Amino acid sequence: MDQGMLRKMQKLQKELEQKTEEFMELTFSEEKYGLEVIATGAKKIVSIKIKDQDLLDPEDAQTLEDLMTLVINQLFTKIDEEQEKLMPQMPNGFGF
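Residues 1 to 96 in full-length UniProt numbering are what the sequence shown lists, from first letter to last.
What follows is the structure in structure tokens.
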């Protein structure tokens, strides 16, 4: 491999690392069913807010648990979709 190609590959690798780091620090949110969940691109939950106080029924914790699972999974799907949108910008064989 010649030096020019090697430098180009190193540059692409640095760009990929930078884009990956930037993406992982972005925040994404999903608000549905009286809940708001915020997470980073690294899929770390930043916050969960209960917007609908009726969800705090001690007799029916299962509904809140189910809704939280649903909203978190929808948020993670959104993060995956955003990550995939960035993939075409990277050369073949490179990606998150």
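Don't be surprised by glycine CBs; every beta carbon is placed ideally from N, CA and C.
Predicted model, so just to flag it, every value in this text is computed and none were measured.
Query - Local conformation of A39 per DSSP, three classes - result: strand
Report task. May I have a chain-ordered list of the alpha helix (DSSP H) segments no shorter than 4 residues that lie completely inside the region 49-91? Result -> 61-86
Query raised in the report: Are the region 33-44 and the region 65-79 in contact at 8 Å, needing three or more beta carbon pairs?
Result: yes
Query raised in the report: If you count every other CB in all the chains shown that lies within 10 Å of the CB of residue 97, and 16 or more means buried, which is it?
Result: This structure leaves residue 97 out entirely; the chain is present only between 1 and 96.
Query raised in the report: Where does E30 land, buried or exposed, given buried means 16+ other C-beta within 10 angstroms?
Result: buried
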